[in-house]
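Below you'll find the structure, written out as structure tokens, and then a few comments.
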Amino acid sequence: MKIDITGLSVEYIMRRSGDKLIALKEVGFSIATGKFVCVIGPSGCGKSTLLKVLAGLQSPSAGEVLLDAAPVQGPGKNRAMVFQSAALLPWRTVLRNVTYGLELQGVSIQEAEKIAGDFIDMAGLSGFEESYPREISGGMQQRVNLARALVTRPDLLLMDEPFSNLDPQLRNVMQLEVERIWEQTRQTTLFVTHLINEAIFLADEIIVLTARPGRIKEIVPINFPRPRKLGIKKTPEFHVLEDRLSELMDQEFHEVVYQQSQDDRP
Amino acid sequence: MNSSLSRYEKLLVFGTTIIFLTIWELLSSLKIVDPFFISSPSRIITSAQWLFAHGLWNDIRVSLEEFLWGMALAILFGVILGWALGWYRTLSVVVEPFITMMNAAPRVALLPLFILWLGIGIESKIAAVFMGAFFPIVFTVMKGVRTIDKGLFDLARSFGANDVQVFTTLAIPSSVPYIMTGLHIAVGRGLVGVVIGELLAAQAGIGFMMSRASSSFQTDKVFVGLVLLTGFGYVLTEVLKMIDKYFESWRI
Ligand SMILES: Nc1ncnc2c1ncn2[C@@H]1O[C@H](COP(=O)(O)OP(=O)(O)OP(=O)(O)O)[C@@H](O)[C@H]1O
Ligand SMILES: [Mg+2]
């Protein structure tokens, strides 16, 4: 699914004070079909907001968002989102959480459970199909969240820090898994992360956003051949990219600190 | 919680109950306190035996019938109205002040009206139970629907869920724990409704039996009614606890 965004701005109205908060300001970029794109930027710069706009959950205040040349009008079956908080239904078992998206899209329960089986294995959840969310670890909940989106086979996969609750080892494993799955499906993917090395490992392109209000600071192409092995994280090329991106991020981090000191002024 | 009592604790509960009953029996049969006021376990048993042979079953059946009908109607309409009020903002703006006011009114004062409208048969008592049980259910269910997790809402919508799907897959299940909370309050209020209704004007029922016994100074029979009602309330609470357990995983 091809993405074309021009002049996208998103403003929130703060409920208490009625003040405007500009989350994204004049953001524009294009993503070709089948690309894996990572988004990084300081906390609160509008990364989740960007994904919500693409998911059709948040309408833009200004600008144009085209998916395969058609403007976004609300959510659609061709997109799926992996939420930052796992957002599992506590009254459904792991299996029925994974099938939830399919059920909403009109797939029968038997059919949905059949399809879900593969993805449950893939996410390392076998044996926990009948457990309830409160009975599994935070990391496993996050994997249910991932499987639930993948199982609908979307043309555009939106992932909002899907691995933030995983320990480093598991995180590596899941990065490999996501890369492997993506090799097979080649679905256009937008992946938000805080970790620079995760972004480099996964991405064809990295979009770096500025501190709030989020704008595009830079778009960095990543050209490691695929399929990628964890070994590339130790190569000099990787380190060069890592240094460059952390420098970009540091500049923005200072901006955040500066903003906060301004906010704190009496 | 109670179900996990250790053997020692169970023994303790059993022991204290026996001691309590023994003291009660002794106080009464040694005439330390006049049994006219406090009856005694043995008198209650004798009295109960006589009552069961002389129509107590019918009183129990009538009271149960009143309670169950009133509760069923309260649950049915309470849950539906609660869902509707939680879901449709405009409706709640119009209707909520009304039911808040009705809930604040002393409901006992409505009983004479019910008796005028519905007579002294079981219908007026069903209404009394309904009035007690309906409001706590409406309010808790309404709150349940309103407090659906925003994240879950986004999730459902991201998969293209329509309003009906959001309602059936999110609003209904997430209101279940709230319905249970409402039921706990409603059961108590419903029981009060039965008894007060029957004390006021009735043709049968446990409350009716108690009021007749009281006006002819038969303390023992009054106590039989009291024991029955207490037992009934206890059983209901235990049943609710079991249902609570079943729905435990539904809580967010
Ligand atoms: N529903 C909302 N109402 C008001 N303000 C909001 C809302 N959602 C987000 N914001 C604000 O918009 C800004 C961007 O939020 P967003 O969640 O997109 O940031 P983020 O980049 O995903 O941050 P993080 O990395 O911490 O997840 C933040 O300052 C946030 O407080
Ligand atoms: Mg975010």
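If you read the protein sequences in the order shown, they are chains A and B. Heads up: the first sequence begins at 1 in this note's numbering, then just goes up one per residue. Heads up: the second sequence begins at 1 in this note's numbering, then just goes up one per residue. Glycine included, each C-beta is placed from N, C-alpha and C at the ideal position.
Length of the line joining the Cα atoms of residue i and residue j
i: A:I3; j: B:T100; result: 51 Å
i: B:T17; j: B:V222; result: 21 Å
i: B:G233; j: B:S40; result: 21 Å
i: B:V141; j: B:L183; result: 10 Å
i: B:L236; j: B:V187; result: 8 Å
i: A:T99; j: A:E129; result: 11 Å
i: A:H239; j: A:I200; result: 10 Å
i: B:L11; j: B:L5; result: 10 Å
i: A:V72; j: B:A109; result: 58 Å
i: B:I243; j: B:M131; result: 23 Å
i: A:I182; j: B:G160; result: Correcting the residue type first, residue 182 of chain A is Trp in the shown sequence and not Ile. One C-alpha to the other measures close to 23 Å.
i: B:L111; j: A:Q110; result: 53 Å
i: B:K199; j: B:Y246; result: Position check: residue 199 of chain B holds Leu in this sequence, whereas Lys was assumed. Approximately 36 Å, taken between the alpha carbons.
i: B:S42; j: B:S29; result: 9 Å
i: B:T46; j: B:I38; result: 15 Å
i: B:G70; j: A:R79; result: 48 Å
i: B:I196; j: B:W117; result: 17 Å
i: B:P241; j: A:D250; result: The question names Pro, but residue 241 of chain B is Lys in the sequence shown. So the alpha carbons of these two residues sit roughly 55 Å apart.
Where the alpha helix (DSSP H) containing residue i begins and where it ends
i: A:L146; result: 138-150
i: A:K217; result: Looking at the DSSP string, A:K217 is not in any alpha helix (DSSP H); the run it does join, the beta strand (DSSP E), is 216-221.
i: B:L226; result: 219-246
i: A:E177; result: 168-185
i: B:F36; result: 35-38
Near ligand 1: residue i beta-carbon under 6 Å from a heavy atom
i: A:G44; result: yes
i: A:L21; result: yes
i: A:Y12; result: yes
i: A:T210; result: no
i: A:T193; result: no
i: A:K47; result: yes
Enclosing beta strand (DSSP E) for residue i [first to last residue]
i: A:Y12; result: 3-13
i: A:V98; result: Note, A:V98: premise wrong, no beta strand (DSSP E); alpha helix (DSSP H) at 94-98.
i: A:F36; result: 36-40
i: A:A80; result: 79-82
i: A:A23; result: 20-31
i: A:V192; result: 188-192
i: A:G63; result: 62-67
Cβ shell of residue i (< 8 Å), same chain only, five flanking positions each side left out
i: B:F153; result: V166, L170
i: A:S59; result: V53
i: A:A203; result: F36, V37, C38, F191, I222
i: A:L95; result: E113, A116, I120, E129, E130
i: A:A86; result: P133, G138, Q141, Q142, V144, N145, N165
i: A:A147; result: V98, A116, F119, I120, M122, A123, L125
Heavy atom of ligand 4 within 6 Å of residue i beta-carbon
i: A:Q58; result: Among the ligands present in this structure, namely ligand 1 and ligand 2, ligand 4 is not found.
Neighbourhood of residue i by C-beta, 7 Å cutoff - its chain only, sequence neighbours within 5 removed
i: A:L248; result: V208, K217, E218
i: B:I122; result: V62, E65, E66
i: B:I44; result: D220, F223, V224, V227
i: B:L91; result: A84, L85
i: A:L89; result: N97, Y100
i: B:A36; result: The amino acid at residue 36 of chain B is misidentified as Ala; the sequence shows Phe. These residues qualify, in order along the chain: T219.
i: B:R189; result: G132, A133, P136
i: B:K150; result: none
Same chain, Cβ closer than 6 Å to residue i, five either side skipped, listed in chain order
i: B:F135; result: N103
i: B:M1; result: At B:M1, the pLDDT of 47 sits below 50, so the modelled position is not reliable; the number obtained from the coordinates is stated separately. Excluding sequence neighbours, B:M1 sits near nothing in its chain.
i: B:L27; result: V33
i: A:Q105; result: K77
i: A:A211; result: P42, C45, E252, E255, V256
i: B:L73; result: F130
i: A:E64; result: T6
i: A:L66; result: D4
Any non-hydrogen atom of ligand 2 closer than 6 Å to residue i Cβ
i: A:Q142; result: no
i: A:Q184; result: no
i: A:Q84; result: yes
Segment contact, 8 Å Cβ cut-off, at least three pairs: the region 76-92 of chain B with the region 200-214 of chain B: The count of Cβ pairs closer than 8 Å, one atom from the region 76-92 of chain B and one from the region 200-214 of chain B, stays below three, leaving the stretches out of contact.
Segment contact flag, the region 154-168 of chain A with the region 180-191 of chain A, C-beta cutoff 8 Å, min 3 pairs: Touching, yes.
Cβ contact check for the region 166-174 of chain A and the region 133-143 of chain A: 3 or more pairs under 8 Å: At 8 Å Cβ cutoff, the stretches touch.
Cβ contact check for the region 113-128 of chain B and the region 16-33 of chain A: 3 or more pairs under 8 Å: Segments in contact, no.
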